[in-house]
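Student: My structure is below; once you've seen it, I'll send some questions.
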Amino acid sequence: MAIMQIREAIREAMREEMTRDDRVFLMGEEVGHYDGAYKCSQGLLKEFGEQRVVDTPITETGFAGVGIGAAMVGLRPIIEFMTFNFSAVAFDQILNNAAKIHHMTGGQFSCPIVFRGPNAAAHMLGSTHSQAFDGIYAHIPGLEVVSVATPYDAKGLLKTAIRSPNPVIFFESELMYAVKGEVPEEEYLIPIGQADIKRAGEQVTLICWGQSVPTALEAAKIAAETSQLDVEVIDLRTLRPLDTAAILTSVKKTNRAVVAYHGWPYGGVGGEIVDLIQREAFDWLDAPVARVCYDDVPMAYAENLEHLSMPTPESIHEALRAVAYRN
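Numbering of the sequence shown is given in numbering that gives the first Met the number 0, commencing with residue 0 and proceeding in unit increments.
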């Protein structure tokens, strides 16, 4: 096992896939000569050259469209958005071209492309740079949506995403690029659509993904130490397709559930999970399913207000206590 940061795991996934398959290339703002805004592509330009590590102007709709066209004729592009907030500029390309081309051509064209970059809030970036796009992209048929929280998952899932015949939205986190963890030195892949139990437990199921995973694990630790609650933490890793079996198996064991995520409460993945549980596991529930997420407002710039708007270990712990009737 090697110890590496998430940014390093992403870099190694891209390097391995670019070495394995000469159809794979990387395109985006500052991915080449600057080595990537977050150093995820450091050294790749020197190794693979300018035809496979392509610096672009600030033209998201343009380079997203170029990538989609390249994918349609057989290449395998990785399109990096400096932040998924900027993907809003390219939304028409992703919504109406990447997601639909296979369907609308009767299978004559596929679009094997990865759109990757940081999602959700970072730190004091204001409301237009602190948005979680999970629910927006998971809403669209034709896309696969991945959200990673560890170096192991980042590498294994990105390699799988690059090889997928479908367009993949690959969410990272600006605040988590330096998170370290074990990564196998031998090649491995993680299937898209497979959740991971980050902490086994018997009394409450805590469902999370992406940026909320370390917060949820800290909340589970606090719950065990101060409330004697044995919490099972499930990292979904993939939002579309969703590992419904993992969710339902856990809820049927614990009889209680909390969903913690970075994103707005109205519509979206959290509400979808609550609906799944109440439809498929209603008879096993001993309490209503709780959600802990952003406040339903644009994200504040002020540090204290930003903190109050997001899930914290304390707010998740409070929800865990509530569903276990420990108030």
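Idealized CB from N, CA, C, for every residue including glycine.
Spell out the partners DSSP gives Asp195 in its beta bridges.
Tutor: BP columns for Asp195 point to Asp234.
Student: So, is Met26 buried or exposed, given that buried needs 16 or more other C-beta atoms within 10 angstroms?
Tutor: Met26 comes out buried.
Student: Where does Pro213 fall in DSSP's three states?
Tutor: Three-state DSSP puts Pro213 in a helix.
Student: Roughly how many whole angstroms lie between the Cα atoms of Ile57 and Phe83?
Tutor: So the alpha carbons of these two residues sit roughly 14 Å apart.
Student: DSSP beta-bridge partners for Ala116?
Tutor: Looking at the sequence itself, residue 116 is Gly, so the reference to Ala does not match. According to DSSP, Gly116 bridges with Phe170.
Student: Say whether the region 192 to 199 touches the region 225 to 243, bearing in mind that this needs 3 or more beta-carbon pairs closer than 8 Å, one atom from each stretch.
Tutor: Verdict: yes, contact present.
Student: Under 8 Å, do Ala219 and Val232 count as touching if we go by C-beta distance?
Tutor: Yes.
Student: Let me know the alpha helix (DSSP H) ranges lying completely inside the region 141 to 190, each 4 residues or longer, listed in chain order.
Tutor: Listed in chain order, the complete alpha helix (DSSP H) runs (minimum 4 residues) inside the region 141 to 190 are 150 to 162.
Student: Relative to the C-alpha of Gln202, which residue among Leu284, Val273, Gly125 is closest?
Tutor: Among Leu284, Val273, Gly125, the Cα nearest to that of Gln202 is on Leu284.
Student: Over what stretch of residues does the beta strand (DSSP E) that includes Pro56 continue unbroken?
Tutor: That residue, Pro56, is in no beta strand (DSSP E); it is neither H nor E in DSSP.
Student: Can you tell me which of the three DSSP states Val258 falls into?
Tutor: Strand.
Student: Could you tell me the distance, in whole angstroms, from the CA atom of Ala131 to the CA atom of Tyr324?
Tutor: Cα to Cα, the separation comes out at about 31 Å.
Student: In angstroms, rounded to a whole number, what distance separates the CA positions of Val72 and Glu46?
Tutor: Taking the straight line from one Cα to the other gives about 25 Å.
Student: For Val273, does the three-state DSSP call read helix, strand or coil?
Tutor: The answer is helix: DSSP assigns Val273 an H, G or I state.
Student: Between the Cα of Arg10 and the Cα atoms of Asp34, Gln50, Ile196, Val273, which residue gives the shortest distance?
Tutor: The shortest C-alpha separation from Arg10 is found at Asp34.
Student: Report, in whole angstroms, the separation of the C-beta atoms of Ala70 and Pro111, which I expect to be a contact under 8 Å.
Tutor: Correct: roughly 5 Å between the Cβ atoms.
Student: If I follow the unbroken alpha helix (DSSP H) through Val296, where does it start and stop?
Tutor: Looking at the DSSP string, Val296 is not in any alpha helix (DSSP H), and its letter there is neither H nor E.
Student: Run through the DSSP bridge pairs and tell me what Ile206 is partnered with.
Tutor: Ile206 is bridged to Ile233, Val258.
Student: Which residue comes first and which comes last in the alpha helix (DSSP H) that contains Phe47?
Tutor: 43 to 47 is the extent of the alpha helix (DSSP H) around Phe47.
Student: Relative to the alpha-carbon of Gln277, which residue among Pro213, Gly42, Glu29, Asn254 has its alpha-carbon at the smallest distance?
Tutor: Here the closest residue by C-alpha is Asn254.
Student: Please list the terminal residues of the continuous beta strand (DSSP E) segment that includes Ile77.
Tutor: 75 to 79 is the extent of the beta strand (DSSP E) around Ile77.
Student: Among the candidates Thr311, Ala299, Ala12, whose CA atom is the shortest distance from the CA of Thr127?
Tutor: Nearest C-alpha to Thr127: Ala299.
Student: Quick check: what's the CA-CA separation for Val167 versus Ile93?
Tutor: Roughly 10 Å between the two C-alpha positions.
Student: Are three or more beta carbon pairs between the region 161 to 179 and the region 142 to 149 nearer than 8 Å?
Tutor: With the cut-off at 8 Å, the region 161 to 179 and the region 142 to 149 touch.
Student: Which residues mark the beginning and the end of the alpha helix (DSSP H) in which Val250 is found?
Tutor: Per DSSP, Val250 belongs to the alpha helix (DSSP H) from 243 to 253.
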